[in-house]
Amino acid sequence: MQTKNKKTKFRYVWNFPGFGGWTAIFFGFLYIPIFILVCYSFNSSKFAMIWTGFSFRWYAKLFSNDDIQTATINSFIVAFAAAPLATIIATFSALALVRGGEFRFREFSSGLITLPLMVPEIVTAVATLIFFASLGINLGLINVIIAHTVFCIPFAFMPIKAALEAMDPNLELAARDLYSDKTSTFKTITLPLLTPGILSGFMLAFVISIDDFIITLMVAGGGATTLPVYIYSMVKMGVSPEVNAVSSLMLAFSIFIVTLYWFFNRKINN
Amino acid sequence: MMEKKVNAIDVRNVTKIYTSGNTQTKALKSANLTIYDNEFFTLLGPSGCGKTTLLRLIAGFEDITEGSINLFNQEIVNLPPNKRPVNTVFQQYSLFPHLNVYENVAFGLRRLKKDASLVESRTFEVLELVQMKEYANRKPNQLSGGQQQRVALARALAPEPKVLLLDEPLSALDLKLRQAMRFELKTLQRETGITFVFVTHDQEEALTMSDRIAVINEGEIQQIGEPEQIYESPSNKFVANFIGEANLLSGVCKTPGENGVCELDTGHELNLFVPPHIKQNDKVTIFIRPERIKIEKSSKDKSQLSISEFTYLGNAATIQLKSNNQLINVNLPIEDLKIFKKDDYVDIHFPKESAQVID
């Protein structure tokens, strides 16, 4: 009996001493700062870190601040332009790489598409800046959109590729077998089954674009400031409760998008 | 009264080579066969033998390397799958997961641009045929394996194909269901009058369901014939071993010719037909099924054969006889179970028409 107990004691990870404590510390470290930030966004004091009472004051101020509104609109313009473009390109890349049969450099191309995920962002940022500068392209927001489209492609590509790989290739053959030509097979079978993957790729690209700071900071000229870049410039002046408020709103929006992403991902996997 | 048979499928010198990188795999080597209209035809062989490749070539999922395939005397190798009047039942059913049962079954009819009223009546007709009418609104993932199987059958039958191709459709089902489905498939083929081409690696399935069987190994067709022919007179050692149990015993030809005599290495003499290319004192291999061998009790001084293994099977028993390094398998009928036991000395008889010289 005794030996059996000893054996089963460490079978599960939660049987290790201190497991619960470590977990709590880990999650606390991750989320307590964010939680405090959100709490203080409802602080009525004009000092960021002294609690005086509950108020929507800073949110109200936010909505009367033209600069923040312009930056927010810029962020949305960029994300709504870059994320769909990146998703379309990623969808075609995934179709070619997964369903295109064997061709030269197939594996290589697949790696090349996802490589930007591992390249330090500052390198991409500087390279993009030099690229635009040397070609003399200075189109304001369009520069930002181009840059965002490019670095969002791998993020959109991954879930789409995963969805396509999980799809039974015989489904398309079955449709072809049942008198469906290539176009209508794509429309009636491939695309509907791929939609959750495409949507989750889009969500991911969208969040990454809305969130991006380093590349945007390098590429965005005057008048093309996005929200993260604007927040950074606000923080440089000192942390005001307004920053807390705008960050909280961004957080809420991201959680919303990620929830959608999770929802679509679940649909792929069932 | 010989009815004139109509050729449904003619496979002529079909070769299929898969190329991946620098390696080439010959999946089919110059295969020839004819499948008649209204026939339940089975392609039987071990996995990787090329049977599925042949089916996919008929369906149009693969490009042919060499040769031709005719469907009712019309060349089809250059037609895409959607232009071939054949339908396939896939091994894993491959039902469209985002469509309900009704839409799955109606899919082919809709692609053929049939009238809405005809689509509806035909869809319900086939669903009725496979007893799945009350499940029309379910999604495939709400069905059991057997039900999905029926829907897959209905989906392939709905457009009234000239030939139905079935790629190991029963292999994903459990044993009880598999046995029940055998009869259903057979009945379905009789009722619809559609030519079935059935791929399987299960010899029992092939023997019970088929009108004719083609045994395939390593890309080559070994034998084509009715189940009884394939079982009783296999054309080579592979077929003999692959279909059922077989004793392949070595011996020497004593008298060649129609009423020949061969002597086994065990010392037993057999009367049987010896094919003309075998001469006196040639080494031969004799094929005989375990259930054909008759045994009777003997004693140590009369016989060198003793029962070395006795395996009880409930409704029968198999025994193994050992002599001069040759093993002979014999099936005992139920009424003989009590008579013999392990280490008994026995004598054996080979009925003339049941033994055969094999290459």
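Taken in order, these protein sequences are the chains called V and W.
Going by my numbering, the first sequence opens with residue 1, and the numbers climb by one from there.
Going by my numbering, the second sequence opens with residue 1001, and the numbers climb by one from there.
From the three backbone atoms N, C-alpha and C, an ideal C-beta is built for every residue, glycine too.
A contact is defined here as three or more CB-CB pairs under 8 Å, and the stretch 87-96 of chain V meets this definition with respect to the stretch 192-211 of chain V. Taking C-alpha positions only, W/K1294 is separated from W/T1208 by approximately 26 Å. Identification of chain V residues near W/P1081 by a Cβ-Cβ cut-off of 8 Å yields L173, R176 and D177, ordered along the chain. In the structure shown, W/R1012 adopts extended strand secondary structure according to DSSP, grouped into three states. Of all residues in the stretch 1045-1064 of chain W, the ones placed with a Cβ closer than 7 Å to any Cβ belonging to chain V are A1059 and F1061, in chain order.
When the alpha-carbon of W/A1158 is set against those of W/E1291, W/G1260, W/P1290 and W/V1105, the nearest one is in W/V1105. In the pairwise beta carbon analysis, the stretch 1206-1224 of chain W is classified as touching the stretch 1022-1034 of chain W: at least three pairs are separated by under 8 Å. Measuring C-alpha to C-alpha distances from V/V239 to each of V/Y261, V/L139 and V/M49 identifies V/M49 as the nearest. Annotation: Cβ neighbours of V/P192 in chain W (cutoff 7 Å, chain order): H1098. For W/L1044, DSSP records a beta bridge to W/T1200 and W/V1215. A contact between stretches requires three or more CB pairs, one per stretch, nearer than 8 Å, and the stretch 1184-1199 of chain W fails this requirement with the stretch 247-266 of chain V. In terms of Cα proximity to W/L1095, the closest of V/E121, V/T185, V/G53 and V/L171 is V/L171. The stretch 1264-1340 of chain W contains, as complete beta strand (DSSP E) runs of 3+ residues, the segments 1269-1272, 1283-1288, 1294-1297, 1306-1312, 1317-1323 and 1326-1332 (chain order). Per DSSP, reduced to three states, the secondary structure at W/H1349 is strand.
From the beta-carbon of W/F1124, no residue of chain V is found nearer than 9 Å; the closest lies around 18 Å away. Straight-line spacing of the CA atoms in W/L1143 and W/L1166 works out to 20 Å.
Along the stretch 187-217 of chain V, the positions whose C-beta sits under 7 Å from a C-beta of chain W are I189, P192 and L193, read in chain order. Along the stretch 101-117 of chain V, the positions whose C-beta sits under 9 Å from a C-beta of chain W are E102, read in chain order. Here the stretch 1004-1017 of chain W lies against the stretch 1070-1087 of chain W, with 3 or more beta-carbon pairs under 8 Å apart. Using a Cβ-Cβ cut-off of 8 Å, V/N170 counts as an interface residue toward chain W, since at least one Cβ of chain W sits closer than that to its own.
At a cut-off of 8 Å between beta carbons, W/L1112 contacts chain V. For the C-beta of W/Q1092, the chain V residues within less than 8 Å are, from N- to C-terminus, D168 and N170. Contact note: V/S233 does not reach chain W at a C-beta cutoff of 9 Å; the least C-beta distance is about 48 Å.
The stretch 1111-1131 of chain W makes contact with the stretch 174-194 of chain V, as at least three CB pairs between them are under 8 Å. With three or more CB-CB distances shorter than 8 Å, the stretch 33-43 of chain V counts as touching the stretch 234-248 of chain V. Residue pairing by DSSP places W/Y1018 opposite W/T1025 in a beta bridge. Residues of the stretch 48-75 of chain V with a C-beta less than 7 Å from any C-beta of chain W: none at all. Chain-order list of chain V residues neighbouring W/T1195: empty, with the shortest C-beta distance near 16 Å, by a criterion of under 9 Å.
Annotated three-state conformation of V/T225 is coil, per DSSP.
DSSP places W/L1143 in the coil class of the three-state scheme, outside both helix and strand. Residue contact with chain W for V/S44: absent (no Cβ-Cβ distance below 8 Å to any residue of chain W). W/L1185 is the residue among W/L1099, W/L1185 and W/M1132 whose C-alpha sits nearest the C-alpha of W/A1206. In this structure, W/V1330 is the residue among W/V1330, W/I1064 and W/P1097 with its C-alpha nearest to the C-alpha of W/G1244.
With 16 or more other Cβ atoms from the protein chains shown falling within 10 Å of its own Cβ, V/P154 counts as buried. The three-state reading of DSSP puts W/S1171 in coil, since its state is none of H, G, I, E or B. Of all residues in the stretch 1211-1229 of chain W, none places a beta-carbon less than 9 Å from a beta-carbon of chain V.
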